[in-house]
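Asker: Below you will find the structure I want to go over with you.
Written as structure tokens, this is what we have:
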């Protein structure tokens, strides 16, 4: 969908899904909290976020252009990781000051405000597409495109391995974060350490993005990526042996974040 249809329209649809689910959770929590319904609304919210995620990365090509793409990607990564680092802190302050209910309301209002700025992105995309001669005039069937993409992945061992590695990293990464959260809660760790632990990896990714802007990897990029994938695995293993030492754990999580960006 991100490659075939208007990226801005997809972002609008995904954002509207998130707004609907978040506002519904806010209203339901004030009227009558029903766990099963809230669980469905949370799943719908994640669906909206999942719709937006691929587009948020691919839309850079429409806004920036291929010539400046190598500079734009690290900047985008820095901004993204900064937001992921600061969002829990700001959200936590909102929860402490206003409570959970109004935090849902504030998120919905901010997303509505974001929809206004998306129109500016749409204008930028249309200007870029006018100067880009690669506009799709003869679109093939979407099923045929899907089959073609699958065949490309199967035939290219390099692409297949990278997609497989990315899938494993995402699945195990999500499990690891959940395991860390559960451990911190059960061990009755202070909230300050809770924030420090989960800020260490995004900070490492930010550092990795900044450093990557200064280095020209050249033809060795694929080999270097494999090295950093292995490095991330090593540091994650070392983290498991230092769960009781939060200082060392945060340091290893930080370095793992640097390797994660390079991957």
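Numbering (our numbering), first residue to last: -6 to 256.
Note that beta-carbon positions come from the ideal geometry of N, C-alpha and C, so glycine has one too.
Report the three-state DSSP secondary structure of residue 60 (helix, strand or coil).
Answerer: helix
Asker: My understanding is that residue 100 touches residue 15, with C-beta atoms under 8 Å, so please give their C-beta distance in whole angstroms.
Answerer: 5 Å
Asker: Return the chain-ordered list of same chain residues with a C-beta closer than 8 Å to the C-beta of residue 22, the five sequence neighbours on each side being excluded.
Answerer: 31, 93, 94, 97
Asker: Just confirm the distance between the C-beta atoms of residue 44 and residue 84, as a whole number of angstroms; I'd bet it's less than 8 Å.
Answerer: A Cβ-Cβ distance of about 22 Å is found for the pair residue 44 and residue 84, leaving them out of contact under the 8 Å criterion.
Asker: According to DSSP, simplified to helix, strand and coil, what is residue 8?
Answerer: helix
Asker: If we call anything under 7 Å between Cβ atoms a contact, is residue 246 one with residue 193?
Answerer: One thing to note: residue 246 has its Cβ within 7 Å of the Cβ of residue 193.
Asker: Helix, strand or coil for residue -3 per DSSP?
Answerer: coil
Asker: Report yes if the C-beta distance between residue 270 and residue 232 is below 7 Å; otherwise report no.
Answerer: Summary: the structure shown does not reach residue 270, with the chain confined to residues -6 through 256, and so no result is reported for it.
Asker: Helix, strand or coil for residue 239 per DSSP?
Answerer: helix
Asker: Pick out whichever of 106, 60, 20, 66 has its Cα sitting closest to the Cα of residue 9.
Answerer: With distances taken between Cα atoms, residue 9 lies closest to 106.
Asker: For residue 249, which three-state DSSP category applies?
Answerer: Secondary structure of residue 249 (DSSP, three-state): helix.
Asker: Decide if residue 202 is buried, meaning its Cβ has at least 16 other Cβ atoms within 10 Å, or exposed.
Answerer: Classification of residue 202: buried, given that the 10 Å Cβ count is 16 or more.
Asker: Going by C-alpha distance, which of 226, 217, 190 is nearest residue 238?
Answerer: 190
Asker: Can you list, in chain order, the residues of its chain with a C-beta nearer than 8 Å to that of residue 156? Leave out the 5 residues immediately preceding and following it.
Answerer: Excluding positions up to five away in sequence, the list reads 146.
Asker: Counting C-beta neighbours from all protein chains within 10 Å, is the total for residue 18 16 or more, i.e. buried, or is it exposed?
Answerer: buried
Asker: Go ahead and pull the three-state DSSP assignment for residue 244.
Answerer: The answer is helix: DSSP assigns residue 244 an H, G or I state.
Asker: Are there 16 or more other CB atoms within 10 angstroms of the CB of residue 142, so buried, or fewer, so exposed?
Answerer: exposed
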